[in-house]
Amino acid sequence: MNNAIYGTDNGIYGINNAFYGTNNSIYGINNSIYGTNNSIYGINNSIYGTNDAIYGINGIRNIALLMPQMALMASKILH
């Protein structure tokens, strides 16, 4: 009878080992999710870079548009 009980205990330990294996595979999936997040952050960084470039272009464009007005004002002041 005791031997049968020990046999059952060993079976329970076997099940626990299988659970640990499952947990390990879940952690593996989580790691790949973190990898995906990292690539998303990379995309966001490039979007921010694009926005910076757009702001830079708009700044240059605005200055260029103001040039004739500034020249006109300067000529009025000088004459």
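Each residue of the sequence shown is one higher than the one before, starting from 0 at the first, in numbering that gives the first Met the number 0.
The beta carbon of each residue, even a glycine, is placed where N, CA and C say it ideally should be.
Requested in this report: To the nearest angstrom, report how far apart G58 and H78 are at their CA atoms.
Outcome: 30 Å
Requested in this report: Taking only the alpha-carbon atoms, compute the straight-line gap between A63 and T49 and give it to the nearest angstrom.
Outcome: If you draw a straight line from the Cα of A63 to the Cα of T49, it comes to about 21 Å.
Requested in this report: Measure the alpha-carbon distance for L71 versus L65 and round it to whole angstroms.
Outcome: 10 Å
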